[in-house]
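Using our numbering, the letters of the sequence shown map in sequence onto residues 64 to 181.
Backbone N, C-alpha and C fix where the C-beta goes; we use that ideal spot for every residue, glycine too.
Remember, predicted model here, so these are calculated numbers, not experimental data.
Have a look at the structure below, then the notes.
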Amino acid sequence: QVQLVESGGGLVQAGGSLRLSCAASGRTFNKYNMGWFRQAPGKERELVARIGWSGGNTYYADSVKGRFTISRDDAEYTVYLQMNDLKPEDTGVYYCAAGWNWVPGDYWGQGTQVTVSS
64 QVQLVESGGG LVQAGGSLRL SCAASGRTFN KYNMGWFRQA PGKERELVAR IGWSGGNTYY
124 ADSVKGRFTI SRDDAEYTVY LQMNDLKPED TGVYYCAAGW NWVPGDYWGQ GTQVTVSS
C-alpha cells in the first residue's frame, strides 16, 4: 500500500512554470510505475505523463510534449512534474497515481489545483 500527497499547484499566468511534487509513503515506492493525470472542469481525467519504475519509459500526452517533464527521486519517495510554458488549457486538478500497470491507477493522491490565467 502507498499513500500519495501532491503539492505545488497554484495560480500562474500563461507562459509561466510550476513544479508539482508527489510525496509517497511506503518502502515499495521504487517498484511502482507513476503517473500524473489532470481533470479539467467538465472533462474526463486524462493521463498527462508517466514514468516507469526504473525511471525510464516516459510518456507524455501530445498536448504537453516539450513543455512538461516527469521525473522521480526514489531516495526521496517523490515524483515530480515540471511544467513550463503553461497555457490556460492546462488548467485543472492534477492527480498523482501509482500502480503496477503501464498506466498506473492503483493508488491516487487527493489532487492539486493548477490554474493558468490568460
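| Query | Result |
| --- | --- |
| A160 and F100 look like a contact to me (Cβ under 8 Å); what is the Cβ gap, rounded to whole Å? | 6 Å |
| Within the same chain, show all residues whose beta-carbon is closer than 7 Å to that of Q176, passing over the 5 residues directly before and after it, in chain order. | G72 and V156 |
| Quick one: give me the first and last residue of the beta strand (DSSP E) that F100 is part of. | N96 to Q102 |
| Can you name the residues that DSSP bridges to E69? | C85 |
| Can you have a look at V166 and say buried or exposed, based on whether 16 or more other CB atoms are within 10 angstroms of its CB? | exposed |
| Under three-state DSSP, which class holds D136? | strand |
| Measure the alpha-carbon distance for N93 versus S117 and round it to whole angstroms. | 7 Å |
| Give a yes or no on whether the C-beta atoms belonging to R135 and V142 are separated by under 8 Å. | yes |
| On the DSSP bridge assignment, give the partners of E109 in chain order. | R101 |
| I'd like to confirm the pairing. Which residues does DSSP put opposite S180 in its beta bridges? | Q76 |
| Taking the alpha carbon of G105 as the reference point, which residue from A87, T154, Y170 and N96 has its own alpha carbon closest? | T154 |
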